[in-house]
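To start, the structure under review is shown below, and the notes come after it.
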Amino acid sequence: DAGVIQSPRHEVTEMGQEVTLRCKPISGHNSLFWYRQTMMRGLELLIYFNNNVPIDDSGMPEDRFSAKMPNASFSTLKIQPSEPRDSAVYFCASSRDSYGYTFGSGTRLTVV
Amino acid sequence: KQEVTQIPAALSVPEGENLVLNCSFTDSAIYNLQWFRQDPGKGLTSLLLIQSSQREQTSGRLNASLDKSSGRSTLYIAASQPGDSATYLCAVRRGNAGNMLTFGGGTRLMVKP
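Taken in sequence, the protein lines are chains U and F.
Residues in the first sequence are numbered from 1 upward in steps of one, following this note's numbering.
Residues in the second sequence are numbered from 1001 upward in steps of one, following this note's numbering.
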């Protein structure tokens, strides 16, 4: 298994631009999570899906952030418009039932 | 609301020492607890997963214990090596109805040769 796959690995964009982060979970996993990591705030859960349905999006900072999971093998996290304070590492993770989480390698986003 | 605390925030030890990393959580109604390792600029690698019904898990030189009633877990690293240098994170998962992991702030470990 290739694990959780995220793309791109790095993204540099200008303030105001739209950014889309992508995630392919492990096949057979029924839960998918988006986390954001910064030095100041550590790891924060943004949103999670169970069986492709968003269950809790209370961690999404504001309306500029949106996430979708159109099928069991793909999810996107979109920021529109992006701002410098969105700069962080964004992680996607997946899990199945009582098993542990598996994290992707992350996308390092820099908004200038 | 579940809160997870890791002490110490940073630790520096000479190679060969046995060491213990601590994790505490405020709500004992957990489903499981997972320890991760994160190298600088990298993602999180799962080390050990302890289900709520278990008391400990072992993998190689690593041993993790769980005491739900006191809200504590420890990660024991035997005979530490420079390659163990990384940030170690513990995370607790709520009951199965809510799958979210809540992370501690991590312990940054440096093992000096």
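In this text, a Cβ means the ideal position worked out from N, Cα and C, and glycines have one as well.
*Find the nearest neighbour of U/K24 within the set U/E18, U/L32, U/T13, judged by alpha-carbon distance.*
Position 24 of the first sequence, counted from the start, is the residue given in the question as residue 24 of chain U. Selected option, being the one with the closest Cα: U/L32.
_Residue range of the unbroken beta strand (DSSP E) whose run includes U/H10_ = On the first sequence, residue 10 of chain U is found 10 positions in, with the first residue counted as 1. Boundaries of the beta strand (DSSP E) around U/H10: 10–13.
*asked:* Strictly under 8 angstroms for the Cβ-Cβ distance: is U/F74 near chain F by that measure?
replied: Translated into the one-based positions of the first sequence, residue 74 of chain U becomes position 74. No, no contact with chain F.
*For U/M60, collect the residues of the same chain with a Cβ closer than 8 angstroms to its Cβ; drop the 5 residues on either side in sequence, then sort them by chain order.*
Translated into the one-based positions of the first sequence, residue 60 of chain U becomes position 60. Closer than 8 angstroms at Cβ, skipping near neighbours: L46, I47, S66, A67.
_Beta-carbon gap between F/Y1088 and F/R1055 smaller than 8 angstroms_ = Counted from its first residue, the second sequence places residue 1088 of chain F at position 88. Counted from its first residue, the second sequence places residue 1055 of chain F at position 55. Going by C-beta atoms, F/Y1088 is not nearer than 8 angstroms to F/R1055.
*Thinking C-beta only, is F/Q1002 closer than 8 angstroms to F/T1102?*
Start at 1 with the first residue of the second sequence, and residue 1102 of chain F comes out as number 102. Start at 1 with the first residue of the second sequence, and residue 1002 of chain F comes out as number 2. Cβ atoms of F/T1102 and F/Q1002: closer than 8 angstroms.
*Relative to the alpha-carbon of F/L1019, which residue among F/I1007, F/I1030, F/A1029 has its alpha-carbon at the smallest distance?*
Here residue 1019 of chain F corresponds to residue number 19 of the second sequence, with the count starting at 1. If we check each option's Cα against that of F/L1019, F/I1007 comes out closest.
_Please state the DSSP three-state secondary structure of U/G42._
Taking the first residue of the first sequence as position 1, residue 42 of chain U is located at position 42. If DSSP states are grouped into helix, strand and coil, U/G42 belongs with the strands.
*Out of F/L1048, F/R1072, F/L1075, F/Q1081, state which residue places its alpha-carbon closest to the alpha-carbon of U/Y99.*
As a first step, residue 99 of chain U is located in the first sequence; it is residue number 99 there, counting from the start. If we check each option's Cα against that of U/Y99, F/L1048 comes out closest.
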